[in-house]
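Throughout the sequence shown, residue numbering follows our numbering, covering 355 to 1012 in sequence.
Report on one structure; see the data block that follows.
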Amino acid sequence: MSDDEIDVELEARLEEQEEFEPPEAFVEQANVSDPAIYDDFEENWPDEWERAADLLDWEEEWDQVLDDSNEPFYEWFVDGKLNAAENCIDRHLDERGDEAAIEWVGELGETRTYTYRDLHREVNEFAAALREQGVEEDDVVSMYMPMIPELPIAMLACARIGAPHAVVFAGFSADALAERMNAANSEYLVTVDGYYRRGDPLQHLEKAREGLDKVEQDATTIVVDRLGDDSEIDPLPEERDYDELVEAHSGETVDPVTRDAEDMLFLMYTSGTTGKPKGVKHTTGGYLSYAAWTSHAVLDVKPEDTYWCSADIGWITGHSYIVYGPLALGTTTVMYEGTPDYPDKDRLWEIVEDYDVTQLYTAPTAIRAFMKWGTEYPEQHDLSSLRLLGTVGEPINPRAWKWYYKHIGNEECPVVDTWWQTETGGMMITTLPGISNMKPGSAGPPLPGISADVIDPSGDPVEAGRAGHLVINKPWPGMLRTLYKNDERFIDEYWDEYSIPERDQWVYFPEDGAKIDDDGYITVLGRVDDVLNVSGHRLGTMEIESAIVGVEGVAEAAVVGGDHEVKGEAVYAYVITEDGQEESDALRDEIIEAVEDAIGPIARPEQIIFTPELPKTRSGKIMRRLLEDIADGNELGNTSTLRNPDVVHDIQQKVHGD
Ligand code: WT7
């Protein structure tokens, strides 16, 4: 048989195969490989969760693993005391002081290595600087930074002094920054003059300043110099320079502040169904234990690994699985500033080869792009250092899963498809790579200690294969504790959507649809609320709609997600103009600009469809599902119950042409 024929055969086998066993060589060395772990957690719940807490160093042990006396305001590792920065840095100094903590690869090809000792030094210096700037315990420090080492350094400096951080994704707009800083009442901002994209400098400080202009409170601003001579913006006298501050505190150390397990470690704003982002509160003890535990059990992180998560630290994935999880375990975490196709489409594979990366954790949207580019790019590199592959952020289609398994993992690496959310703090549903068989397209069973179901509207578990709502039945250490300063919304959004009297317990609703198979494997189907998932980024349709209706000449708008080959979902905006307003390209541009100003380029509509009417039910509700079906070119069901069925054909024609 020629190589080509073998390949075709292999391809056919992969196409058919529905279940994959964990590779033996992996199992032999896996952190977790005894299936008894599932029973252990079940029989000894919640105390078995001490396994997670035991991965950390505590200044004082907890008195109680779980306090559930005030549902759903659960508390974990009650009265335990610890410091997150101490756990991520100091405790590794003796054994791993000279080992790399962060390997940073810049967009221009420059690299920086921070050993644990380097990280310790700079985090201390910056912590001292923050103190000098007036930051006190429990003050919220905002960060609006791209993927540069100063971002995790600033986060850890905050953790050291007990000041929660609130990182805002650098791609978000000035308005989005202001909204978050206002909501958190944050009086400090760490930002950057700019960064590089595809080799070109991108000025960032102007955007940060524009945001600051809309912040109600005074805010002390610290600016990292990333661009050097490429910066087009002169610093203002009141802006502090990061390097000067660190220099001024050279050699200083700051004792890690003792924090209660339940003290806030950080806030992370995420999109919901209303126009207002939700400030998800994560804690020091529970969150950090959970990030460390899942990194250990699912990502199989060991100190001697070089582990790489290609997410952005501006999202929860980067918090848990670039910064806190891997550093808590004392490993080497890779951080890449740039895009996967610059200078060429083999950039990621080049980095894997250069650094002998052992685990790669990325998103299905990236994998779909790699597939499109072709196997010639990974084939140019030696990827044999890889031991495990992971995906996160959206459902992965079996074809993409198999491509990743074969062409990146050489059928030797388990693939973990990890379902979780900003709110869950860490992974919830996935196979354990050293134990369970993998089924492409299905995330897997809930992790040990996690209790999940798929239920119908009356609260009963659905039959295998039927779609229902995903629910989590028991609390877990990494869970959000509340929405910042909004306990009421916390209950409304997650716990109170359906009341299920037969269930004598609080049930967490992630707002995802799912199905479950006979083996208890859960396939997550996507959001059931008005939240979109564009390239793994979470966007609220209401936020986009309110930006659009703010444009002069627009009367009404409905935003839905349409299928997209690479992005997973894309933004489709159906827009009704006011009487007399022309449907013009100029208006289209204004709408795009308004969305970019309110949220950022990630929310840019793929298509804007002007329509005289939106399809509505007799009671006046917009039929979003129908608009989605139109975007996807699906066969439409019965539309005769609409108040205005005639409009459907017109809209279809506008979206797809004649
Ligand atoms: C939503 C959460 C988890 C960190 C990144 C996104 C979707 C996430 C998967 C997966 C299917 C997934 C869900 C979830 N999602 N992972 N493996 N399979 N869907 O965090 O921005 O809070 O978004 O992402 O719909 O609710 P997020």
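No residue lacks a Cβ here, since even glycine has one placed at the ideal position from N, Cα and C.
Check, Outcome
"Nearest-angstrom beta carbon gap, R613 and G516 [assumed within contact, 8 Å]", "5 Å"
"Local conformation of S900 per DSSP, three classes", "helix"
"C-alpha distance - L642 paired with G832, whole-angstrom precision", "7 Å"
"Between the CA atoms of P376 and I789 - distance to the nearest angstrom", "7 Å"
"Given 8 Å, three or more beta-carbon pairs between the stretch 614 to 625 and the stretch 750 to 767", "no"
"Residue burial classification, E479 (beta-carbon count within 10 angstroms, cutoff 16)", "buried"
"Three or more C-beta pairs below 8 Å linking the stretch 466 to 480 and the stretch 499 to 518", "yes"
"Contact test: G763 Cβ vs ligand 1 heavy atom, cutoff 7 Å", "no"
"Distance, D943 Cα to G987 Cα", "25 Å"
"Inter-residue CB distance, A438 and Y678 (contact presumed, cutoff 8 Å)", "7 Å"
"Reduced DSSP secondary structure (H/G/I, E/B, other) of R466", "strand"
"Given 8 Å, three or more beta-carbon pairs between the stretch 513 to 532 and the stretch 483 to 503", "yes"
"Own chain, CB closer than 6 Å to V816, minus 5 neighbours either side, in chain order", "V808, D810, G822"
"F374 versus P999 - alpha carbon distance", "48 Å"
"Helix, strand or coil at P389 according to DSSP, with G and I counted as helix", "coil"
"Backbone CA spacing between M355 and V878 [nearest angstrom]", "Low per-residue confidence applies at M355: pLDDT is 43, beneath 50, and the placement is therefore not dependable enough to give any value."
"Those residues which DSSP pairs with A924 across a bridge", "G916"
"Beta carbon of R892 nearer than 8 Å to that of S625", "yes"
"Residue environment, S938, which counts as buried when at least 16 other CB atoms sit within 10 Å", "exposed"
"L742 vs P768 beta-carbon contact at 8 Å", "yes"
"Neighbourhood of D710 by C-beta, 7 Å cutoff - its chain only, sequence neighbours within 5 removed", "T660, S739"
"Counted within 10 angstroms of its Cβ, other Cβ atoms place D736 as buried (16 or more) or exposed", "exposed"
"Beta-carbon contacts of V1001 that lie in its chain and below 6 Å, excluding the five residues immediately before and after", "E967, P969"
"E429, enclosing beta strand (DSSP E) - first and last residue", "429 to 432"
"Proximity test, T671 beta-carbon vs ligand 1 heavy atom, cut-off 7 Å", "yes"
"Neighbour flag for R972 against chain B, beta carbons, 8 Å", "Here there is only one protein chain, and chain B is not present."
"Of the residues V908, I945, A940, the one placed nearest V925, counting alpha carbons only", "I945"
"Local Cβ density within 10 Å of P503, reported as buried at 16 or more and exposed below that", "buried"
"Residue range of the unbroken alpha helix (DSSP H) whose run includes N887", "From DSSP, N887 is part of no alpha helix (DSSP H) but of the beta strand (DSSP E) over 885 to 888."
"Residue burial classification, P657 (beta-carbon count within 10 angstroms, cutoff 16)", "exposed"
"Proximal residues to P829 (C-beta, below 7 Å), its chain only, five neighbours per side dropped", "L420, D422, Y428"
"Other residues of its chain near T745: CB distance less than 6 Å, five sequence neighbours each side excluded", "P718, D771"
"Beta carbon of D567 nearer than 8 Å to that of A952", "no"
"G304, buried or exposed, once every other Cβ within 10 Å from all chains shown has been counted against 16", "As shown, the chain starts at 355 and ends at 1012. That puts residue 304 outside it, with no answer to give."
"Contact the stretch 756 to 766 vs the stretch 776 to 791: 3+ CB pairs below 8 Å", "no"
"C-beta atoms of E932 and L886 nearer than 8 Å", "no"
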